[in-house]
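Using the working numbering, the letters of the sequence shown correspond one by one to residues 33 to 306.
Where a beta carbon is used, it is the ideal one built from N, C-alpha and C, also for glycine.
Computed from a prediction, not measured in an experiment: that's the story for all the values here.
Remarks on the structure that follows.
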Amino acid sequence: MRTFGSAVLVLAALLLAGAAVCGAWLSQNAVSAQGFSQLAEPLGEDEAFQSELSSAVASQASASLSEGLPAGLAALVEPVIENVVSGFQQAPGYPEAWTQTLERSHAATFDSGTPSLDLGPLLNLVSSEVAGEIGTEPADAGQRLLTVSSAEYSRELETLVRFSDSWPLFAAAGVLAALLGLLAARRRSTTVALIGAGTAGMAGALWLASGAAASIVERQTPANPVASAFTAGFVPLAESSFHSWLVVMLIAAAVLFVLGLVFRVAAGNRRTVR
């Protein structure tokens, strides 16, 4: 009975540990605007995404800056806009504008429930550059949302936030279950080794699950070419980040497994000496 109870508690601890790792990663990299921005920041240098982004920014900048201008003047402004947009990633203010774009996109997505990119900061950068070229005052673009997915995910995002906020509870419950499992075990050294092996198994399962989730996301129909390029660039970044957490989990599992074996051998040696 003690062995069965210990096994149940250890299994519960492993499941709770997996939930805690997932929740903590989501809290830091998906729910947190700063974490999301840091995770997606490398897309600012992704050529495929930047090519599509430049086209979208050029289209919106042209419509915004040419609005209200006479046809002849608009035709003169158009080449200036195209020239600025073609190299706006090299502008001194681009890194800050890209970070603001990610942060505002995160806020817009969680507020509306629809995955979106807010191009406002990038349009402000282009507007400022164009205004400097033609000698006018730059206009504030405000919020310029580009839909990444036409689906609405308000309920899913609320669930994600609640789940990620619960990771400390999962972690504490997992530690408690593991300790109770050790106390109930007949051979605690063996139980420590089994916890290590189980943790490695959980990390492996999460690794496979993350790959499956990434494939599902990549198969979703994007709303536009920018959304397609964003998804293609962001999914590998998220998957790589999560895998780095799982590597730490695997290292911890290996340590527990080795400790369990060492304690088991030491206990056997003590019995032999007696």
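Looking at the DSSP output, Leu177 sits in a beta bridge with Asp150. Residues Gly213, Ala216, Ala217 and Thr223 of the same chain have their beta carbon placed closer than 7 Å to that of Ser38, with the five preceding and five following residues left out of the count. Pairing Leu155 with Ala183, the inter-Cα distance amounts to about 25 Å.
About 16 Å separates the beta carbons of Val42 and Ala204, which is beyond the 8 Å limit, so they are not a contact pair.
For the pair Ala52 and Leu149, the Cα-to-Cα distance works out to about 29 Å. Inclusion of Gly228 and Leu177 in the CB contact set at 8 Å is not warranted, their separation being larger than that value.
Val63 is positioned such that its CB atom lies closer than 8 Å to that of Leu192. DSSP, reduced to helix, strand and coil, places Pro74 within a helical segment of the structure shown. Excluding its 5 nearest sequence neighbours in each direction, Leu293 has C-beta neighbours in its own chain below 6 Å: Ala225, listed in chain order.
Straight-line measurement puts the Cα of Leu189 at about 44 Å from the Cα of Arg219. By the Cβ test, the segment 55-70 is in contact with the segment 194-201, since at least three Cβ pairs between them sit closer than 8 Å. For Asp172, the three-state secondary structure derived from DSSP is coil.
In the DSSP assignment, Ala51 falls within the unbroken alpha helix (DSSP H) covering Arg34 to Leu58. Going by beta carbons, Leu85 and Ala129 fall outside the 8 Å limit. Listed in chain order, the non-local C-beta contacts of Phe266 below 7 Å within the same chain comprise Ala72 and Leu75, local neighbours out to five positions each way being set aside. Taking 8 Å as the cut-off, the beta carbon of Gln122 is found no closer than this to the beta carbon of Gln82.
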